[in-house]
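Residue numbers (this note's numbering): 2 to 386. Backbone N, C-alpha and C fix where the C-beta goes; we use that ideal spot for every residue, glycine too.
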């Protein structure tokens with residue numbers, strides 16, 4: 002492996018994170034006007050060339066590309082450091098989302114925590130590792146699109162490049178080691194009624210009113226059925242109604258109302274059976290009603306949960322280095338579940354606090370960035386020795 006001991010212009014995680022934050026990369030499903038992630042990817046491609054890294058850029062959607070950087074040092078395990086380049090919308094932010102401002106020991110802007118800051122730590126890590134010779138194997142930093150919606154970036158990366166021996170996903174965990182997360186099942190439920198002029202609503206069947214007993218049935222299902230799913234190390238399964246839509250004008254009795262529900266599932270919880278149980282429970286509770294039609298659609302989003310064995314060396318080494326007695330689990334989903342589903346031993350580990358993600362004044366501390374790079378470097382050395 003070619004060494005770069007004499008380079009003095011290598012960028013650190015703060016430099017990289019600032020450049021990434023300054024380039025908008027809102028997921029287009031969060032903002033249809035967004036051009037996607039390629040402004041960030043263009044900069045990363047140039048950064049890779051300037052640092053003489055093996056670089057591979059691959060399209061996922063039109064004008065939305067994954068980009069990977071790989072270093073190697075002889076025969077040995079292959080470690081994937083995974084991060085995403087997309088962010089959520091900047092609507093409602095109180096700060097300039099793309100300033101990359103440094104203030105009060107923090108880097109401010111959209112994506113600073115979720116997850117351009119952690120990704121920058123991974124990129125500095127491979128620059129550090131390339132200067133060393135006390136490890137064997139390969140490290141790939143996979144920078145993927147579309148984590149904030151449908152995970153197509155990580156799925157394309159897996160399709161084209163697996164297997165790896167280990168994967169570390171850099172979502173912000175305050176550098177706590179996470180060995181599992183819940184899955185996510187999302188379903189749309191519709192009530193159809195009959196439209197009429199609001200001057201004589203008795204001529205119609207108000208779909209919004211017709212949705213009321215469905216909402217009561219859903220909450221009962223969440224409490225009585227979903228909440229009963231448990232697994233050691235995880236909080237119970239949950240369900241919630243997240244969106245409701247009905248009516249087209251105030252003077253029209255609405256003929257359709259739709260709600261979208263979100264169920265957070267546990268390892269071992271069969272999502273097909275969960276959907277079937279939901280359908281049967283709600284239909285039985287609500288019953289047949291004249292003038293109304295109830296439709297419970299198939300899930301439009303079914304993201305798996307994951308759980309890595311707490312005795313796996315990846316988990317044990319990470320906990321040892323982070324002085325953590327045992328690994329945690331989390332309720333949120335991310336790219337990690339797709340890697341685990343592909344048979345890759347996976348953990349989540351990243352600087353920053355998930356409570357700061359998606360907020361109106363998102364930031365990450367400079368101290369967290371420094372600690373993130375140290376954590377990734379130390380764990381890479383432990384796994385590849």
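Asked	Found
Sufficient close CB pairs (3 or more, under 8 Å) joining the stretch 19-26 to the stretch 371-382	no
Pick from 210, 234, 275 and 254 that is closest to residue 240, judged by C-alpha positions	275
Status (buried if at least 16 other CB within 10 Å, exposed otherwise) for residue 386	exposed
Beta-carbon separation (whole angstroms), residue 358 vs residue 173, contact threshold 8 Å	6 Å
Residue 87 beta carbon less than 9 Å from that of residue 148	yes
Alpha helix (DSSP H) segment containing residue 379, residue limits	367-384
Residues bridged to residue 138 (per DSSP)	74
Residue(s) in a DSSP beta bridge with residue 67	59
8 Å Cβ shell around residue 46 - same chain, five flanking residues per side excluded	56, 58 and 68
Whole-angstrom distance between residue 133 and residue 318, CA atom to CA atom	20 Å
Bounding residues of the alpha helix (DSSP H) (the contiguous stretch that carries residue 283)	272-287
Same chain, Cβ closer than 7 Å to residue 390, neighbours up to 5 away in sequence not counted	The question about residue 390 has no answer here: the residues shown for the chain are numbered 2 through 386.
Sub-9 Å separation of residue 311 and residue 339 beta-carbons	no
Nearest neighbour of residue 97, chosen from 83, 82, 84 and 113 [CA to CA]	113
Distance, residue 214 Cα to residue 293 Cα	12 Å
Backbone secondary structure at residue 7 - three-state DSSP	Note that residue 7 scores 40 on pLDDT, short of 50, meaning its location in the model is unreliable and no value can be drawn from it.
Residue environment, residue 368, which counts as buried when at least 16 other CB atoms sit within 10 Å	exposed
Residue(s) in a DSSP beta bridge with residue 244	261
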